[in-house]
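Presented below is the structure to which this report refers.
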Amino acid sequence: MAHHNFIKASLPIFWLWLLFFLLFIIDGIAAFLIAFACLYTLHMPAGINEEDPRLPSFYCVF
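According to this note's numbering, the sequence shown is numbered sequentially starting from 91.
Pasting the structure below:
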């Protein structure tokens, strides 16, 4: 019975670690995508971003 209580008590910690791990992965993917978008927009020919020329520098700030 004590073993069952231990598992029940450690379950929230497990979910917190899982959430942290997922957030870390998502943040890493997002950082990679933003860096890729930054490089991609920098190498774009002039004229594609006529509507908002600040877009490439906006990506590069992050």
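The beta-carbon is built from N, C-alpha and C at its ideal position, and this holds for glycine as well.
Taking C-alpha positions only, isoleucine 124 is separated from proline 102 by approximately 32 Å. Take the alpha-carbon of isoleucine 119 and the one of leucine 129: they are about 15 Å apart. If you draw a straight line from the Cα of isoleucine 115 to the Cα of phenylalanine 122, it comes to about 11 Å.
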